[in-house]
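Quick note on numbering: this note's numbering labels position 16 of the sequence shown as -2, and the sequence is numbered without any gaps.
Here is the structure we will look at, set down as structure tokens.
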Amino acid sequence: MSNDLVFLQAALEEANKALLHDDVPVGAILVKDGKIIGRGHNQREELFDPCAHAEIQALRNASSSTANWNLSGSTLYVTLEPCIMCAGAIVSARVEELVYAAVDSKAGALSLQLDILDNAKLNHRVKIRRGPLELECSEILKRFFQKKRSQKKLTNL
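As structure tokens, then:
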């Protein structure tokens, strides 16, 4: 559990980086053998890329740093439950385990009960755990969307 806290705090630091370019504050850290091998945060707005989710960015970063797309034996720590696109990428990268903090009831693959990460028909299954910092990770998202809504109200006046 203490490793979960350390790595999810690092993911939360990544989420804060997304705020610098007005992206939804989600962060991800990929760990193997107790070491961070990949980092990412949402960059859709910054890169004009619909696929630049934190998880995808962390997988790309890890694949680049290890010179290998196969990330077997790794654990992905994410501040928010992954969407279906990210869940598919996590399976494709052969990530061993997913640890996430906040639930995404509207777009999370697990909340939507889409059996991607642990589907027996797929060639790889991912262990899934809820980690600590749910309140902190939820709060940064809540503040971001409250700010967006109040900005929208001001422009509509």
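Where is the CB? At the ideal position from N, CA and C, for every residue including glycine.
Classification of residue i by the beta-carbon crowding that lies within 10 angstroms, buried from 16 upward
{"i": "P32", "result": "exposed"}
{"i": "D5", "result": "buried"}
{"i": "F(-11)", "result": "buried"}
{"i": "L29", "result": "exposed"}
{"i": "A49", "result": "exposed"}
{"i": "R21", "result": "buried"}
{"i": "L(-6)", "result": "buried"}
{"i": "T61", "result": "buried"}
{"i": "E37", "result": "buried"}
{"i": "D15", "result": "exposed"}
{"i": "G55", "result": "exposed"}
For residue i, the residue or residues it bridges with in DSSP
{"i": "G22", "result": "A10"}
{"i": "S56", "result": "K14"}
{"i": "A84", "result": "L62"}
{"i": "R111", "result": "V81"}
Minimum C-alpha distance to residue i - residue among the options
{"i": "W51", "options": "L62, Q39, V60 and T61", "result": "Q39"}
{"i": "E63", "options": "L80, N(-15), S47 and K103", "result": "L80"}
{"i": "A83", "options": "K(-1), A10, Q25 and I66", "result": "A10"}
{"i": "L123", "options": "A(-3), S(-16) and G113", "result": "A(-3)"}
{"i": "D(-14)", "options": "K(-1), V8, L12 and L1", "result": "L12"}
Alpha carbon of residue i to alpha carbon of residue j, nearest angstrom
{"i": "H35", "j": "A91", "result": "14 Å"}
{"i": "T57", "j": "L115", "result": "17 Å"}
{"i": "A(-8)", "j": "A102", "result": "32 Å"}
{"i": "A44", "j": "V77", "result": "11 Å"}
{"i": "R111", "j": "L99", "result": "12 Å"}
Report task. Answer yes if the segment 115 to 131 comes into contact with the segment 69 to 80, meaning at least three C-beta pairs across the two stretches below 8 Å, and no otherwise. Result -> no
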